Amino acid sequence: MTDTGFDVAGLKASHRPVSEFRYEKRPVVAGYNDRTLYVNVGDGRIAEKPVSADTRAKFTGGKGYGLKLLWDAVTPATKWNDPENEVNIATGPVGGNTNYPGSGKSIVVSISPTTGIPIDCNVGGYFGPFLKFSGFDALELQGRAERDVIVYIDGDEGVVKIFEAPGEAVDSHVLAEQMVAMFARDENDRQHISSVSAGSGAENSLIGCLNFSFYDKRRKVARLKQAGRGGIGTVFRDKKIKAVVVKYSSLDVTSNNPADLAKLQETGLKLHREIIELDDQQCRMREIGTAHLTEIMNEYDLLPTCNYKFGSSPDAEGINSHAFSAIVTHGLPDGCWYGCTMACAKAADGFELATGPYKGHKVTVDGPEYETVAGCGANIGVFDPRVVLELNFYCDTYGIDTISFGTSTAFIMECWENGILDSDRTGGLEITWGNGPAALELLHRIGRGEGFGLVAGLGVRRMKAYFAEHYGADPKFLQDIGCECKGLEYSQYVSKESLAQQGGYSMALKGPQHDEAWLIFMDMVNNRIPTFEDKAEALYYFPMFRTWFGLQGLCKLPWNDIEPADNASTDEPAKVPEHVDNYLAIYKAVTGNDLDREGLIRQSARVYNFQKVFCIRMGKGRRIDDLPPYRMVGPVTVEEYESRADRYDKQLREQVGVDPSGMDTPAKIAALRAYREDRYEKLQDAVYKRKGWTREGIPTIETLQDLGIDYPEVVEVVKPLL
Amino acid sequence: MPKRLSCDNSKCIACGACMTACSTLFFKVDDPKRSCIRIEQNGPEIDMSVCNQTCRLCVAECPVKALTVSPQGVVMLDRKLCVGCLACVAVCPTGAMRHYPGLANPFKCIACGACARKCPTGAIGIVVEE
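Residue numbers (the numbering used here), protein chains in the order written: chain X, 1 to 722; chain A, 1001 to 1130.
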C-alpha cells in the first residue's frame, strides 16, 4: 500500500497490455498541433491523423473538430451504443493558455443515449489542454472493449497505451485518486496528471456524465469537473473504458506557443485585475461560484421549484449562497484551469457522507454549482444544503448528470403527487416533494442499477412512455409536465415568462441547455427585445457568439459574469463589448490571425449549422423537435395558475384580450395556452428565418454555401427536405 | 521576521542606482522596467515601491504553490513551478509583483540587498523585523 491508501503495485500487476503507440513529439505552433489522436478500444488500434487545412479553416477547433470527426465516424443509422459511436474530446486553439481567465475547457461530443443526436459538453479540468500539449488537437475514442480498459497518454514520453484494468475503481472520486497515485512520480508530479472517467451510475443509466480531473495541490485531492449533459458517461462505460489519462509535465506560457505572448499577457492581466477589483461587488464568483445565483433566481421567480411549477419558494433561503458559503472552504485559488482568477470551482472539504456505499467517509465535494442547487434542491422541494451536497457528491462519483437527475426526480415526484407512482411501483420509495432521503436512495439505486433506479435512469422522455404504457398515465399530461425536449432534460431556469428563453432552450441544437442563450433578464426583466424580430436577432447572435467558446476551449463565465465598470454605458451591455474585443485580441495573440466581430460569428455559424445538419442526419433537427413541453411555456395545472393568478389574469386582459372575470381556471389556462403556444410558433418562424433556415428548420443550400460548408455529404442531408 | 527592504523616501534622490543594480543582477540589463524596486518622481514627491513581504496575497493566489515564504519571511518565486498566469501580479495591492511583457514569469524583490548596497544616500536598507 502507498501513503495514498491504494495498492498501486497490485493494481499495476493486474494490468494486461492491449496495444501501444509511439509518436513523435512536436511543439504546438500558435495554438495548434494539426494532428489528432485516434484510439479504438475495441481492436486496439491507435493512430495519429493529420488535420487538413480545410478542416482547420472551417471547423476551427474544439467542438468543431469533435463534431467533424464524429460525423466521419458514424452513419445515419448509428445508435449511441454502436461501437462506431465515438467520445471525442478537444480543447481549441486558445485553450490551455495560462493567461486569460477561463481558458482551460475541453469540449466533448458523442451521439447521445437520450437524444440520439450529437451532444456537446464544455468541461473544465486539465485534460484538454494536457492532451493538446501532449501533441493532439483532439482525441477520438471509438470501439467497444470486451473488458474494462484504461487509455494512458504519456505526453512526456510520446507514448499512448491501452491496457486492461480489472482492479481499478469505477466510481470517479476513487478512480481519479488512483490515477494520480499510479502515474505521478511524487507529490509535485500529481498536478501533471488528468483523467477522464465516469462511474457506476453511468453504467446503469442513460444520463451518465464524465468527470475531468484536476489535481488540487492545496487540498491534495484530485478534484472533478463534469461533462454532464446527454449521457456521454453512459457511452464511455458502454465502451468499457474506465479512464483515459493524460500526463504532461512541462506546462508554462510557451506550451501553447502563442504568436504574441506579450499581448496575451496584457489582455489576461487586464481581466485578472477587473475580476479582483469588481467581483465582490458583482457576482461573488470568487466567494461562492455560480451558487450566488440561487437567491437572484428566487427573487425573480425563476428558480425551478417542484418540477418547474413555481419560480420561487419561501424556503429557498435554506439553500441560498450564504448557506453554502458557510460550508465551502474559502480563500483558495479555485480555478479549474491555471490562470482563472474567477475561481468559481468551489468545494466543501471534510464533508461526512450520511448515506450510500461511502457512508462515513469524509470527502471533498465540488461545488455545488447553481444548476445542482436548483436541480437537486428547489426543483425536488429539498432545501437542506447537506442533502444537496450529498446528492452532488454521489451524482459526480457515480457519473450521473446532476441536472438530468434533478429534473428526472422532479418529474417522478410530480408523478407521485398525481397518483401515477406509488410505493409498489417505486420499490418502497416514497418519492414525495422534499424527501431528501428518498431522493438519495433513488440515486443509490441508479448507481447500483437496481429496481426503480433503472427506470429513473432512463431520463424523462423514456419515463413518459414507460408510465403511459405500464401505468396507464395520460400521455398528454406527462408530455405537459415532463421537462425534456429532444430527449434531454431541461437545465434549471423557469422560462414561462420569457418567450425568448423558451426559444433559447427548446431551439438549442442538442436540447434544452442554457449554454446557447440565456435571455431572461434581457427579455423578461428589462424588456430590451420586445418584438419577434428582436428576439430572433438575440436568438441568432447569442447562440453563435457562445458557440465560439466551444470552438476555442474557453469558458463562458469570464465573458459576462464579470463586467467592466463602464459596461452599462456601452451601446450593447448584454454583449459586454469590451470582453468581446478581449477575445478577438487573445485569438490573434495565440494564432497570429486577425479576427473581427463578424468573423467570430462566422466561425461559429459554420460549426453551428454543421451541427444542425448533423442533427437532421441523425433523425431530429426538425421544427417539431423544437417544441417545448407546456410546463416550460405556461401554467399546466390549476394549482400552478392560481399560484400566480394576478399575473396570468392581467396577461389575459392586456395581452390576450380576454376578460377573465367569470371564467373558471381551466378555461383561463386554455385561453392563455392558446395565446402562448401561438406566440412560440411565431417565434420559431422568426428565428428560423434569421438563421437562414426554412420554415421547417432546415438550413438552405444558400446558407450552407455562404458559410462554405456545402460539402456533398452535408447538402445530401438537407436536399430532400427543402 | 520578515526580512524586507526598508525605504526612506526623504533620503531618496531618485538617482536610479538601485534599479540599475537590481535589473543588472536579475536580467543582465540596465532597465528600470525589469527592476524589482521602482523609483518614480512625481513632481516633488518620490515614490519608492517594493514588496513589503507581509501581505502575501500573491502566495494565497498562486495555483501551483510556486510562491512560498522562506524561513527568513521572504516571499520567493520558484520559476520551475510557475506557469506564468500572472494572477499574483493582478492581486498585488502595491504593484510590487512585477511583470515584463513577453517574459514567461513574474518577478519580485527577495530582499537580497544588492540595491541597498548601491544606494548613495542610505535611503534603502535591509531590515529584519522581530
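From the three backbone atoms N, C-alpha and C, an ideal C-beta is built for every residue, glycine too. Just so we're clear, the structure is a prediction, and the values are computed from it rather than from any experiment.
### Message
Which residues does DSSP list as the beta-bridge partners of residue 1126/A?
### Response
1005/A
### Query
Any beta-carbon of chain C closer than 9 Å to the one on residue 1045/A?
Although the question refers to chain C, the structure presented lacks it and instead comprises the protein chains X and A.
### Query
Helix, strand or coil: which one does DSSP assign to residue 383/X?
coil
### Task
Measure from the alpha carbon of residue 671/X to the alpha carbon of each residue in 714/X, 653/X, 682/X, 247/X, then state which is nearest.
653/X
### Message
Report the start-end ranges of each beta strand (DSSP E) in the region 20-61 of chain X that is 3 residues or longer and not cut off at the edges.
### Response
35-40, 46-50
### Message
For residue 491/X, tell me which candidate among 243/X, 518/X, 477/X has the shortest Cα-Cα distance.
### Response
518/X
### Query
At a CB-CB cut-off below 9 Å, which residues of chain X make contact with residue 1062/A?
333
### Task
Grab me the residues of residue 1068/A's own chain with a C-beta within less than 8 Å of its C-beta, minus the 5 sequence neighbours each way, in chain order.
Result list for residue 1068/A: 1059, 1075, 1076, 1078, in chain order.
#### Entry: Cβ separation of residue 1062/A and residue 1088/A, assumed to be a contact under 8 Å, to the nearest whole Å
At roughly 6 Å, the Cβ-Cβ gap stays under 8 Å, so residue 1062/A and residue 1088/A are in contact.
### Task
Using a cut-off of 9 Å between C-beta atoms, extract the partners of residue 272/X located in chain A.
1085, 1086, 1087, 1089, 1090, 1091
### Query
So what does DSSP say about residue 7/X, is it helix, strand or coil?
Coil, per DSSP.
### Member of 587/X, 107/X, 564/X whose CA lies at the smallest distance from the CA of residue 576/X
Minimum Cα distance to residue 576/X is reached at 564/X.
### Closer than 8 Å: residue 459/X CB and nearest the ligand HEM heavy atom
For the structure depicted, the ligand HEM is absent and the ligand set is empty, with no information on it obtainable.
#### Entry: Where the alpha helix (DSSP H) through residue 348/X begins and ends
Counting along the chain, no alpha helix (DSSP H) covers residue 348/X; the unbroken beta strand (DSSP E) around it starts and ends at 347-352.
### Query
Can you find a CB in chain A that lies within less than 9 Å of the CB of residue 655/X?
no
### Query
What is the DSSP secondary structure of residue 693/X, reduced to helix, strand or coil?
strand
### Task
Check distances from the C-beta atoms of the region 256-281 of chain X to those of chain A and list, in chain order, the residues that come in under 7 Å.
For the region 256-281 of chain X, the set of residues with a beta-carbon nearer than 7 Å to any beta-carbon of chain A comprises 261, 262, 265, 266, 268, 269, 272, 273, 276, in chain order.
#### Entry: Residue ranges of each beta strand (DSSP E) within the region 534-568 of chain X, 3 or longer
none
### Within chain A, partners of residue 132/X - CB distance below 7 Å
The premise fails here: residue 132/X is roughly 15 Å from chain A at the closest Cβ pair, so nothing lies under 7 Å.
### Query
Looking at C-alpha atoms only, which residue of 471/X, 408/X, 447/X is the closest neighbour of residue 424/X?
Measuring C-alpha to C-alpha distances from residue 424/X to each of 471/X, 408/X, 447/X identifies 471/X as the nearest.
### Message
Going by DSSP in three states, residue 723/X sits in which element: helix, strand or coil?
### Response
Nothing can be reported for residue 723/X: it is not among the residues displayed for chain X, which extend from 1 to 722.
### Task
Note down, in chain order, each residue of its chain lying with its Cβ closer than 6 Å to the Cβ of residue 340/X, except the 5 sequence neighbours on either side.
When the five nearest sequence neighbours on each side are left out, the beta carbons in the same chain lying within less than 6 Å of the beta carbon of residue 340/X are those of 101, 102, in order along the chain.
### Task
List the residues of chain X that residue 1065/A touches, going by C-beta distances under 8 Å, in chain order.
217, 218
### Task
Could you spell out where the alpha helix (DSSP H) holding residue 142/X opens and where it closes?
Where residue 142/X is concerned, there is no enclosing alpha helix (DSSP H), although the beta strand (DSSP E) it sits in stretches over 139-142.
### Query
Distance, Cα to Cα, residue 416/X vs residue 394/X?
Roughly 23 Å separates the two Cα atoms.
### Query
Counting contacts by CB-CB distance shorter than 9 Å, is residue 3/X in contact with chain A?
Reliability fails at residue 3/X, whose pLDDT of 47 lies under 50, so the model's placement of it is uncertain and the value that follows must be treated cautiously. With 9 Å as the cut-off, residue 3/X does not count as an interface residue toward chain A.
### Query
In three-state DSSP terms, what is residue 152/X?
Correct three-state label for residue 152/X: strand.
### Message
Tell me which residue opens and which closes the alpha helix (DSSP H) that residue 69/X is part of.
### Response
Looking at the DSSP string, the run of the alpha helix (DSSP H) that includes residue 69/X is 63-73.
### Query
Three or more C-beta pairs closer than 8 Å, one from the region 179-188 of chain X and one from the region 206-224 of chain X: is that the case here?
yes
### Task
Give the DSSP-derived three-state secondary structure of residue 1072/A in the structure shown.
coil
### Task
From the DSSP output, in three-state form, read off residue 678/X for me.
helix
### Message
Between 112/X, 91/X, 93/X, which has its C-alpha nearest residue 78/X's C-alpha?
### Response
112/X
### Query
When the Cα atoms are used, what is the spatial distance from residue 212/X to residue 227/X?
7 Å
### Query
Taking Cβ-Cβ distances below 9 Å as the criterion, which residues of the region 188-209 of chain X are in contact with chain A?
188, 191
### Task
Flag this pair as yes or no: are the beta carbons of residue 606/X and residue 58/X separated by less than 9 Å?
yes
### Query
Do residue 386/X and residue 327/X have their CB atoms nearer than 9 Å?
yes
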